[in-house]
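4 protein chains.
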Amino acid sequence: MEVKLIDHTGDDAGIVKAARVSTVGRESLESTEKRGLIRYLVREKHLSTLEHNSMTFFIEAPIFVAREFMRHRTMSFNETSGRYKELSDHFYYPPEDRPLVQKGKAADYDLYPGSADQKFTVSIHTKQAYYAAWTAYKNMLDAGIAREVARNVLPVGIYTQFYATTNLRNLLQFLDLRTADDALWEIRYIANEMKQLAEPLFPIAMEAWNEYR
Amino acid sequence: MEVKLIDHTGDDAGIVKAARVSTVGRESLESTEKRGLIRYLVREKHLSTLEHNSMTFFIEAPIFVAREFMRHRTMSFNETSGRYKELSDHFYYPPEDRPLVQKGKAADYDLYPGSADQKFTVSIHTKQAYYAAWTAYKNMLDAGIAREVARNVLPVGIYTQFYATTNLRNLLQFLDLRTADDALWEIRYIANEMKQLAEPLFPIAMEAWNEYR
Amino acid sequence: MEVKLIDHTGDDAGIVKAARVSTVGRESLESTEKRGLIRYLVREKHLSTLEHNSMTFFIEAPIFVAREFMRHRTMSFNETSGRYKELSDHFYYPPEDRPLVQKGKAADYDLYPGSADQKFTVSIHTKQAYYAAWTAYKNMLDAGIAREVARNVLPVGIYTQFYATTNLRNLLQFLDLRTADDALWEIRYIANEMKQLAEPLFPIAMEAWNEYR
Amino acid sequence: MEVKLIDHTGDDAGIVKAARVSTVGRESLESTEKRGLIRYLVREKHLSTLEHNSMTFFIEAPIFVAREFMRHRTMSFNETSGRYKELSDHFYYPPEDRPLVQKGKAADYDLYPGSADQKFTVSIHTKQAYYAAWTAYKNMLDAGIAREVARNVLPVGIYTQFYATTNLRNLLQFLDLRTADDALWEIRYIANEMKQLAEPLFPIAMEAWNEYR
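Residue numbers (this note's numbering), protein chains in the order written: chain A, 1 to 213; chain B, 214 to 426; chain C, 427 to 639; chain D, 640 to 852.
Here it is in structure tokens:
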């Protein structure tokens with residue numbers, strides 16, 4: 001999985017400008033960053049002031065992560081198309097530290113690492129299923145079948161690529177949900193990468209959010 | 214694939230009320246449907262007047278259709294979770310009339326039915342890949358693996374279920390894109406079902422849209 | 427000021443259906459209201475489940491209230507137009523219990539009733555200004571001036587009418603902000619009316635929100 | 640009225656990247672601007688590719704313009720507050736070339752310059768009404784009345800200041816509506832200023848939009 005920040009604009013000072021227009025009007029154009037004010041805005045959730053900026057990320061992640069990601073309706077997306085592009089045989093395998101076993105209720109459970117046997121089980125069955133899917137996909141393409149039909153067999157563990165553009169307000173809403181303990185392990189990984197990329201851009205606002213969330 | 218309308222409110226008269234508030238204010242509360250006005254609003258794209266209503270659909274479709282569907286950020290969604298629910302072995306196979314072969318450029322191609330051989334190819338490879346995926350999934354679950362890990366192998370052709378709520382304006386935007394000739398065959402099927410369900414609810418507006426689109 | 431609920435759909439059971447689709451898929455269609463689940467969803471802020479419903483309000487309020495109202499970008503609006511309609515001489519005067527005096531900082535102050543003298547001051551100056559504005563407006567209209575030019579002199583205290591359509595999730599977000607102690611007195615009045623109209627429609631969800639907000 | 644571009648990011652090449660991710664995936668990161676592709680995207684309304692960028696404008700305009708502006712729900716706004724700031728006596732007067740007379744139906748009329756008499760009528764009545772409003776406002780403030788009560792008398796022709804942040808897709812939607820012949824004269828002025836500021840940032844896309852709109 002990979003996250004790159006490819007473009008951005010705005011900074012802590014822009015948050016101050018947006019906030020101060022309400023109290024000083026046109027003079028806000030001269031505003032510079034003010035630590036106390038930014039912390040106050042984040043703490044009291046005056047979040048519209050965090051919208052006058054932009055970050056564009058390039059993300060490579062399995063489809064099952066992209067699916068959760070694209071539920072965030074305030075973001076802008078463009079993604080690799082299984083209709084327009086022959087996909088690559090690049091599949092997701094849970095890394096060593098990804099817990100494999102769940103205990104608890106359907107929507108409220110804890111995760112545990114899993115035994116060596118369970119790790120082997122995941123590894124072998126995942127590989128076999130991915131292999132069968134890829135073989136079927138390639139065979140269909142070789143027989144002249146349209147990509148948009150052949151791809152039906154591809155697993156949600158195959159990698160996809162997309163651009164996601166958002167502002168700081170909506171990024172923080174995303175991070176609130178997707179860095180939480182009960183978020184899917186894989187999207188938590190992506191969210192934490194995005195968080196680290198955003199921190200140097202808005203150091204005061206991000207510090208305040210970390211503290212008050 | 215299945216589409217059910219499970220709830221709705223609003224009608225052609227509501228469109229007139231919303232339009233007439235701008236010209237008559239509070240008197241608009243008494244407005245009833247006016248064919249000419251509704252046709253004018255649709256033709257001239259005064260579309261905010263189509264937003265004071267609501268339709269909730271229940272949809273059962275493969276994940277690759279849900280993926281396109283959920284790119285519509287103005288709609289409300291809740292969907293079956295592969296983390297919270299053990300999925301069912303219910304997979305999508307292209308029906309007899311689904312064209313299987315594409316000719317043309319990557320993002321601009323035409324589709325053709327395909328030969329009997331090609332139909333057989335799709336059928337056999339799709340079945341084999343689905344079977345391998347399902348077997349791997351069940352084996353992992355039997356070994357105590359978490360649903361959210363085991364499901365990585367499931368194909369985008371597996372069925373999912375979701376509720377989608379929207380208003381007439383956003384439905385028409387959806388239908389503009391998803392009933393078009395170059396829309397994915399499967400989402401065009403879903404979109405046409407939705408269109409038929411919406412027509413009796415807003416007969417004048419839907420007729421006007423059909424005519425002027 | 428006036429708020430009427432003119433249309434709605436959805437109920438507490440719909441919230442349960444939307445929540446349960448994630449854990450039981452298609453079976454959710456049979457779901458009925460479940461008090462414990464709804465309270466859990468509201469408390470834990472699983473708010474997408476509150477979106478599959480709709481309420482349309484007709485609101486008559488001064489322009490300065492409509493201005494705050496229409497900052498809520500998730501709602502649908504249509505409003506009386508000062509370009510298309512000659513407006514009515516219906517102006518807002520602060521009622522007896524509206525506090526008139528502020529003490530504190532620019533964006534963080536408390537309000538007090540004000541003396542009898544201050545009440546008189548508000549009453550007399552407001553009346554004079556409204557009268558001057560209305561006279562100028564009518565004189566310009568009588569001289570054949572376009573409504574969209576003549577209306578420039580009308581005060582933000584003149585009444586306007588609009589339809590606002592939203593779902594329960596976005597209504598609660600509105601109520602969170604607009605029934606708060608530091609909300610503008612007049613929009614708090616409107617918000618409380620809306621709250622009372624919504625309570626019988628979603629009794630369990632509204633009770634939970636009242637408790638957990 | 641004044642429009643300043645105070646911040647932006649993104650360019651024509653970013654549109655190409657966003658478009659090409661669907662056909663080439665990760666390779667799109669290397670894309671540079673391609674005139675033909677951008678023109679195709681704009682003409683065929685593949686508009687999601689225009690969302691990966693941002694422009695922040697500072698705008699000074701009368702309240703009646705801000706009211707129309709803030710109906711665009713895809714934009715981000717922060718504005719001078721009549722609650723938090725004592726407003727300035729800066730009012731809008733129609734300039735020499737602003738047509739003053741309307742002929743036709745309520746929502747479908749043409750505008751004409753107006754006679755010298757009519758110009759005088761507008762000028763004198765507007766000045767008188769503004770003066771009365773300002774006097775009442777100041778008198779109330781002097782009597783210790785809260786800004787949020789005193790401002791009720793201020794006209795929609797008083798100037799306000801706000802930041803508006805949007806992306807190219809939503810800017811074009813704004814320009815489609817607000818540079819049209821039947822748009823309010825004053826917002827058309829603002830929209831044309833924004834258009835001129837955006838043209839050097841996205842020369843190919845803006846040229847294509849001008850041609851195909």
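Quick reminder that beta carbons are idealized off the backbone N, C-alpha and C, glycines included.
Chain A beta carbons: is any one of them nearer than 7 Å to that of Q812/D? Here residue 812/D refers to the residue found at position 173 when the fourth sequence is read from its first residue. At a cut-off of 7 Å between beta carbons, Q812/D makes no contact with chain A.
Closer than 7 Å, CB to CB, is Y297/B near chain C or not? Locating residue 297/B in the second sequence gives position 84, counting from the first residue. Chain C contact via Cβ: present.
List, in chain order, every chain B residue whose beta-carbon is nearer than 8 Å to that of G157/A. Indexing the first sequence from 1 puts residue 157/A at position 157. In chain order, N365, V366 make up the part of chain B whose C-beta sits under 8 Å from the C-beta of G157/A.
Assess contact between the segment 800 to 819 of chain D and the segment 585 to 594 of chain C, defined as three or more Cβ pairs (one per stretch) separated by less than 8 Å. Is contact present? no
Residue burial classification, R682/D (beta-carbon count within 10 angstroms, cutoff 16): Reading the fourth sequence from its first residue, position 43 is the one you call residue 682/D. Looking at its Cβ environment, which holds fewer than 16 other Cβ atoms inside 10 Å, R682/D is exposed.
Contact check, F282/B vs Y343/B, beta carbons under 7 Å: Working through the second sequence from its first residue, we reach residue 282/B at position 69. Working through the second sequence from its first residue, we reach residue 343/B at position 130. It is not a contact, given that the beta carbons lie outside the stated cut-off.
Spatial neighbours of P94/A within its chain, please: CB distance less than 7 Å, with the 5 preceding and 5 following residues excluded, ordered by chain position. In the first sequence, counting from the first residue as 1, residue 94/A sits at position 94. Closer than 7 Å at the Cβ level, and outside the excluded window around P94/A, lie L100, V122.
Option in E96/A, L171/A, K105/A with minimal Cα separation from K214/A: Lying outside 1 to 213, the shown extent of chain A, residue 214/A is not represented and no answer is given.
Counting only runs of 3+ residues fully inside the segment 320 to 394 of chain B, write out the beta strand (DSSP E) ranges in chain order. 321 to 325, 372 to 379
Against chain C, does S244/B count as a neighbour if the rule is that its beta carbon must be under 7 Å from one of theirs? Position 31 of the second sequence, counted from the first residue, corresponds to residue 244/B. No, because no Cβ of chain C sits closer than 7 Å to the Cβ of S244/B.
Taking a cut of 7 Å between CB atoms, which residues from the segment 739 to 756 of chain D lie near chain E? Going by chain labels, chain E is absent from the structure shown, which instead holds the protein chains A, B, C and D.
Please classify E825/D: does DSSP put it in a helix, a strand, or coil? As a first step, residue 825/D must be located in the fourth sequence, where it is residue number 186. E825/D falls in the helix class under three-state DSSP.
Starting from the beta carbon of V660/D, find every residue of chain A whose beta carbon is closer than 7 Å, and list them in chain order. Taking the fourth sequence and counting its residues from 1, one reaches residue 660/D at position 21. In chain order: N78, E79, T80, Q161, F162, Y163.
So, with DSSP's three-state summary, where would you put M55/A? As a working note, residue 55/A is residue 55 in the first sequence. If DSSP states are grouped into helix, strand and coil, M55/A belongs with the strands.
Would you mind reading off the limits of the alpha helix (DSSP H) that contains S235/B? For the purposes of this step, residue 235/B is taken as residue 22 along the second sequence, with counting starting at 1. That run of the alpha helix (DSSP H) goes 225 to 237.
How many whole angstroms separate the CB atoms of H691/D and G653/D, which I take to be in contact at a CB cut-off of 8 Å? Reading the fourth sequence from its first residue, position 52 is the one you call residue 691/D. Reading the fourth sequence from its first residue, position 14 is the one you call residue 653/D. Correct: roughly 5 Å between the Cβ atoms.
Excluding five sequence neighbours on each side, which residues of the same chain lie with their C-beta closer than 7 Å to the C-beta of R401/B? The residue you call residue 401/B lines up with position 188 of the second sequence. Here the set comprises R391, T392.
Reference R83/A; option with closest CA among D646/D, S661/D, N831/D, K643/D: The residue given as residue 83/A occupies position 83 in the first sequence. Selected option, being the one with the closest Cα: S661/D.
Residues bridged to S76/A by DSSP? Residue numbering aside, residue 76/A sits at position 76 when the first sequence is read from its first letter. T165/A, per the DSSP bridge assignment.
Would you kindly report the start and end of the unbroken beta strand (DSSP E) that includes E707/D? Numbered from 1 along the fourth sequence, position 68 holds the residue referred to as residue 707/D. Not the beta strand (DSSP E): E707/D falls in the alpha helix (DSSP H), residues 702 to 708.
Is the beta carbon of E215/B less than 7 Å from the beta carbon of E273/B? Within the second sequence, numbered from 1, the residue matching residue 215/B stands at position 2. Within the second sequence, numbered from 1, the residue matching residue 273/B stands at position 60. Going by C-beta atoms, E215/B is nearer than 7 Å to E273/B.
Need the endpoints of the alpha helix (DSSP H) that L680/D sits in, please. Taking the first residue of the fourth sequence as 1, we reach residue 680/D at position 41. Per DSSP, L680/D belongs to the alpha helix (DSSP H) from 674 to 682.
May I have the straight-line CA-CA distance separating E240/B from R577/C, to the nearest angstrom? As a position in the second sequence, residue 240/B is number 27, starting the count at 1. As a position in the third sequence, residue 577/C is number 151, starting the count at 1. It is roughly 20 Å from the alpha-carbon of E240/B to the alpha-carbon of R577/C.
What does D433/C pair with, by DSSP beta-bridge criteria? Along the third sequence, one-based indexing puts residue 433/C at 7. Paired residue(s): T482/C.
Status (buried if at least 16 other CB within 10 Å, exposed otherwise) for E456/C: As a first step, residue 456/C is located in the third sequence; it is residue number 30 there, counting from the start. Counting Cβ neighbours within 10 Å, E456/C comes out exposed, since fewer than 16 surround it.
Go ahead and pull the three-state DSSP assignment for E428/C. In the third sequence, the residue the question calls residue 428/C occupies position 2. In this structure, E428/C counts as strand in the three-state DSSP scheme.
Three-way DSSP call (helix, strand, coil) for K511/C in this model: Taking the third sequence and counting its residues from 1, the one referred to as residue 511/C is at position 85. Three-state result, K511/C: coil.
May I have the straight-line CA-CA distance separating W422/B from M407/B, to the nearest angstrom? Indexing the second sequence from 1 puts residue 422/B at position 209. Indexing the second sequence from 1 puts residue 407/B at position 194. So the two alpha carbons sit approximately 14 Å from each other.
What separation, rounded to the nearest whole angstrom, lies between the Cα atoms of T648/D and F841/D? Taking the first residue of the fourth sequence as 1, we reach residue 648/D at position 9. Taking the first residue of the fourth sequence as 1, we reach residue 841/D at position 202. Approximately 10 Å between the Cα atoms of the pair.
Using the Cα positions of W560/C and A746/D, report the straight-line distance between them to the nearest angstrom. Along the third sequence, one-based indexing puts residue 560/C at 134. Along the fourth sequence, one-based indexing puts residue 746/D at 107. Distance between the alpha carbons of W560/C and A746/D: 22 Å.
Using 7 Å as the limit for Cβ to Cβ distance, is V491/C near chain D? As a working note, residue 491/C is residue 65 in the third sequence. No - not a single Cβ of chain D is within 7 Å of the one on V491/C.
Backbone CA spacing between L467/C and T475/C [nearest angstrom]: Start at 1 with the first residue of the third sequence, and residue 467/C comes out as number 41. Start at 1 with the first residue of the third sequence, and residue 475/C comes out as number 49. Looking at the two C-alpha atoms, the distance is approximately 8 Å.
Contacts around A418/B, its chain only, beta-carbon distance under 7 Å, and the 5 residues preceding and following it disregarded: Taking the first residue of the second sequence as position 1, residue 418/B is located at position 205. Hits under 7 Å: D225, I228, I251, V255, L263, L381.
CA-CA distance, I124/A and A279/B? One-based indexing of the first sequence puts residue 124/A at position 124. One-based indexing of the second sequence puts residue 279/B at position 66. Looking at the two C-alpha atoms, the distance is approximately 29 Å.
Taking Q767/D as the reference, give the member of L793/D, R712/D, I829/D with the closest Cα. Translated into positions along the fourth sequence, residue 767/D becomes position 128. Closest by alpha carbon: L793/D.
Tell me, which residues are paired with Q102/A by DSSP? Counting from 1 along the first sequence, the entry for residue 102/A is found at position 102. According to DSSP, Q102/A bridges with L111/A.
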